[in-house]
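A.B. asks: Before we start, here is the structure in question, set down as structure tokens.
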Amino acid sequence: MRFDESLCKYTSCQNVTVISSGTSSSSNISDNGVVLELSQGPQFEDKRMSNICINFEAFEQSTGQLKKGEFEKMVNEVVQAMDEEYDKLMPVTDFPVGLREWSNKICSRISICMSRSNISLQCFGLVGIGGVGKTTLAESTYNIMLREFEVSIFLSKIRENASKHTLGLVDMQKKILDMVLRCYNKGQINDLETGKSLLSQNLEGINALIILDDVDDISQLHALYYPLCSSLGPKSIIIITTRDHQVLEFAQAREIFEMKGLNRTNSERLLCWHAYWEPGRPKFLKGDPPWDIDACIGLPLLLKQIGDLYHNDENSWDQELYRLRKSGDIFNVSRISFQGLKANEKDAFLDVCCFLLGEEEEISCLVLESCHGMGWKYLNTLRARCLITVDGEDRRIGMHQHLRDMGRHIVRQGKRNRAWDEQIAKFILMVIHGLLE
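Residue 22 is where the sequence shown starts when you use this note's numbering, and the numbers rise one by one after that.
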């Protein structure tokens, strides 16, 4: 079978390493000077996109016999080259439903922007609510593009690392310098200002691909992004993932990709992959599936969480899902966005969850202004954080159903001071009646 024929059989596989070997079709093994070529993966006309290609003289010139020592050396060099290649790659999700389309779109847009201007570093942004797949998409894009740069760095969980301790951002500055310079002395950095200075002075002219994952505060841009902008080479690219549009506005991103999540078909496929390890619900399972796809549509992290509850029994799966919702654990990822709001912004968000979905933006603004003193400011903040949408010509307030459910769960577990259904209204009336008595 020819190499191109065998490759066609596996074009849909993920994380597969193909090693091929061969000689010229016109040569004979007894010919002098036959060269054995080993290559990892397909070889493209565009050499920038090719993987590893190594040539070895593995045959005796006179006898045509394979030299054992040369062959062992050849194998060791191939393995070493593959190890070096894969050390740079980021692990990506097991079930990349819809991922290739998004990755190709972003890489294509970045290539177009770079072809139009390569006189200065360019920044691109991925923005969306928690669990929508920003990090996974950034990892996939990073793996596709890293070979085109002198240096490639994926700086993950910036928000989490920065909040753990006061030197979290300093540690990330050290990591960047260490990965770029290798022989750098980490003891040189004891504070943010020193780190910013070293980043600005020591990376001059280097063309790098850098991913800043989960940035949620301007201080993180000042510590990491701005020093890199002032030093990296003109063909460098920085990709920022965030839940906040305002972060990307401060970074002056060349282009912002707003992630809406998977469509309904891909959401069902991904859920089935995690639950049944196949793209659809098995035929032997009768009746309607136990999940409410509308509650988690588009959010890969939530779809994984729900799919992983399945253990060969849909009845127990339904019970586990009910327990997860009742306890509120299902909202853990989305709650991070809520906790990042200020007190009045949280109140405005809960008001939207309980009362204002489907209302016109102007009416919603008036309601919030009468309750909290400001309307437009809070709506703009919630929209920038990807917590609400403003849809249609009549500009009505919208929200992902999962976020709505989270907000209402927070109210149920808290003061219960907002009534959006009969059960909550009865509870509030009972409390008022008890106080009056």
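Ideal placement from N, C-alpha and C gives every residue a C-beta, glycine not left out. In this text the structure is predicted, and so the values were computed from the model without any measurement.
Assign A229 to one of three DSSP states: helix, strand, or coil.
C.D. replies: strand
A.B. asks: Would you list the one or two residues that DSSP bridges to S194?
C.D. replies: For the sequence presented, residue 194 should be read as Gln rather than Ser. Partner(s): none; Q194 has no beta bridge.
A.B. asks: I need the DSSP call for N210, collapsed to helix, strand or coil.
C.D. replies: For the record, residue 210 in the displayed sequence is Ile; it is not Asn. I210 falls in the coil class under three-state DSSP.
A.B. asks: Between H393 and A369, what straight-line distance do the alpha-carbon atoms span, to the nearest angstrom?
C.D. replies: Spanning the two alpha carbons is a distance of roughly 8 Å.
A.B. asks: Can M420 and I409 be called in contact, C-beta distance under 8 Å?
C.D. replies: yes
A.B. asks: With DSSP collapsed to three states, give me the class of G328.
C.D. replies: Here G328 sits in helix by DSSP.
A.B. asks: Thinking Q273 and S252 are a contact (beta carbons under 8 Å), I'd like their distance in whole angstroms, please.
C.D. replies: Wrong, their Cβ atoms sit about 17 Å apart, outside the cutoff.
A.B. asks: Taking only three categories from DSSP, how would you classify F116?
C.D. replies: coil
A.B. asks: Thinking just about the alpha-carbon of each residue, which of G319, A296 and L323 is nearest to the one in P310?
C.D. replies: Answer by Cα proximity: A296.
A.B. asks: From V432 to P255, what distance separates their C-alpha atoms?
C.D. replies: 50 Å
A.B. asks: Please work out which residues of its chain come closer than 6 Å, Cβ to Cβ, to N139, disregarding the five sequence neighbours upstream and downstream, and give them in chain order.
C.D. replies: P255 and K256
A.B. asks: Between E146 and L219, what straight-line distance do the alpha-carbon atoms span, to the nearest angstrom?
C.D. replies: The identity of residue 146 in the sequence shown is Gly, whereas the question assumes Glu. Distance between the alpha carbons of G146 and L219: 25 Å.
A.B. asks: By how many angstroms is the C-alpha of R346 removed from the C-alpha of Q340?
C.D. replies: 10 Å
A.B. asks: Does the Cβ-Cβ distance between I197 and I227 come in under 8 Å?
C.D. replies: No, Cβ-Cβ distance for I197 and I227 is not below 8 Å.
A.B. asks: Are the segment 174–186 and the segment 225–240 in contact at 8 Å, needing three or more beta carbon pairs?
C.D. replies: The segment 174–186, when compared against the segment 225–240, does touch it at the 8 Å Cβ threshold.
A.B. asks: Run through the DSSP bridge pairs and tell me what R417 is partnered with.
C.D. replies: E381 and D412
A.B. asks: Between D329, P300, L292 and F305, which lies nearest to D315 when the distance is taken from Cα to Cα?
C.D. replies: L292
A.B. asks: Excluding the 5 residues preceding and the 5 following M451 in the sequence, name in chain order all residues of the same chain whose CB lies nearer than 6 Å to its CB.
C.D. replies: none
A.B. asks: So I259 packs on L269, CB below 8 Å; how close in whole Å?
C.D. replies: That belief does not hold up - the Cβ atoms of I259 and L269 are roughly 11 Å apart, past 8 Å.
A.B. asks: For the alpha helix (DSSP H) that L424 lies in, which residues bound it at each end?
C.D. replies: Q422 to Q434
A.B. asks: Please go through the same chain and pick out, in chain order, the residues whose beta-carbon is closer than 7 Å to the beta-carbon of R130, but skip the five residues on each side of it.
C.D. replies: Cβ neighbours of R130 beyond the five flanking positions: E276.
A.B. asks: Which residue spans inside the segment 343–393 form an unbroken alpha helix (DSSP H) run of at least 4?
C.D. replies: Secondary structure remark: continuous alpha helix (DSSP H) runs of at least 4 residues inside the segment 343–393, in chain order: 353–360, 364–372 and 382–393.
A.B. asks: By DSSP, does E7 sit in helix, in strand, or in coil?
C.D. replies: Here the chain covers residues 22 to 458 and nothing more, so residue 7 does not appear.
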